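Numbering (the working numbering), first residue to last: 37 to 294.
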Amino acid sequence: MLGDHSGLPADRALLSPPPKAGLSCKTVLQAVGKVLRKSKAKPNGKKPAAEEKKVYLEPEYAKSRITDFGFKELVVLPREIDLNEWLASNTTTFFHHVNLQYSTISEFCTGEACQTMAVCNTQYYWYDERGKKVKCTAPQYVDFVMSSVQKLVTDEDVFPTKYGREFPSSFEALVKKICKYLFHVLAHIYSAHFKETLALELHGHLNTLYAHFILFAREFNLLDPKETAVMDDLTEALCGGGGGDAGAAGAQNHVKER
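Dropping the structure here:
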């Protein structure tokens, strides 16, 4: 085994100055107010009668990155690295960065503001260990995601780091499950909290993380196109391609269960 997964090249494109910290809620809300006015929302901040414009698709914001590194080259499996090691390294890295990105807007993602885990017209439900569907708020859902993924990536029987330990036969399936959950969190940030992200000037970090994550998932078929169809317009803008036929089929305007 190669040991600590976090030391592999996956960190190169995601390394960046730490997100801004110490900003008060009042300061961010004032900045969000400016963004809302710029995006022509109503003065009281409420959505207009028509569907609200997706600010994250505006060219001036979609082009923002923290690096110009070629992600398509970065995600390719290096010759000297075992596939499972590469998947483990990148999955662990993405988990930590998605968790960090969400933490920057977590004070705005409350049970009152986000009463369901929703992305556009898609609603997600959590399933407990017994397979029971649990309807929960967005912060509760994200907490379930982060807790369960943390448990997996620190389990030596699932993500082994010691020499001589083997990956389980179910490893790829578990990685796909993790990627699905991380996608839900990223999509929720864009759908419900992009204005706060923009006010914090962290949209470049978010775009970079999303593009890297999606291209990696594509390279190893870790995400079902039907799952990612809800954000095909963003994927097209950031990665130069949507989800194909499955993406078109998933673009229907109705609520789905996950």
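Cβ coordinates follow ideal geometry from the N, Cα and C atoms, glycine included. Small disclaimer: the values here were computed from a predicted structure and weren't measured.
Using C-beta distances below 6 Å, list every residue in its chain close to residue i, excluding the 5 sequence neighbours before and after it, in chain order.
i	result
residue 310	Nothing can be reported for residue 310, as the shown portion of the chain is limited to 37 through 294.
Leaving out five residues before and five after residue i in sequence, what residues of the same chain have Cβ atoms less than 7 Å from its Cβ?
i	result
residue 203	120 and 196
residue 211	123, 127 and 258
residue 113	119 and 122
residue 164	170
residue 182	135
residue 260	none
residue 266	155, 156, 158, 223 and 286
residue 95	none
Run through the DSSP bridge pairs and tell me what residue i is partnered with.
i	result
residue 163	169
residue 153	160
Quick one: what does DSSP say residue i is sitting in, helix, strand or coil?
i	result
residue 271	helix
residue 158	strand
residue 276	coil
residue 225	helix
residue 255	helix
residue 236	coil
residue 125	helix
residue 181	helix
residue 139	helix
residue 145	coil
residue 99	coil
For the putative contact between residue i and residue j, defined by C-beta atoms under 8 Å, what is the C-beta separation to the nearest angstrom?
i	j	result
residue 175	residue 152	With 8 Å as the limit, residue 175 and residue 152 do not qualify as a contact, their Cβ atoms being about 11 Å apart.
residue 111	residue 252	4 Å
residue 244	residue 103	6 Å
residue 263	residue 216	6 Å
residue 270	residue 138	At roughly 17 Å, the Cβ-Cβ gap does not stay under 8 Å, so residue 270 and residue 138 are not in contact.
residue 150	residue 235	Not confirmed; about 17 Å, so no contact.
Review point. Would the segment 196-209 and the segment 176-188 be scored as touching if the rule is three or more Cβ pairs under 8 Å?
Key: no
Check your understanding: Would you call the segment 215-233 and the segment 128-147 in contact, with 3 or more CB pairs under 8 Å?
Key -> yes
Review point. Are three or more beta carbon pairs between the segment 124-133 and the segment 267-276 nearer than 8 Å?
Key: No, because fewer than three Cβ pairs between the segment 124-133 and the segment 267-276 fall closer than 8 Å, the two stretches do not touch.
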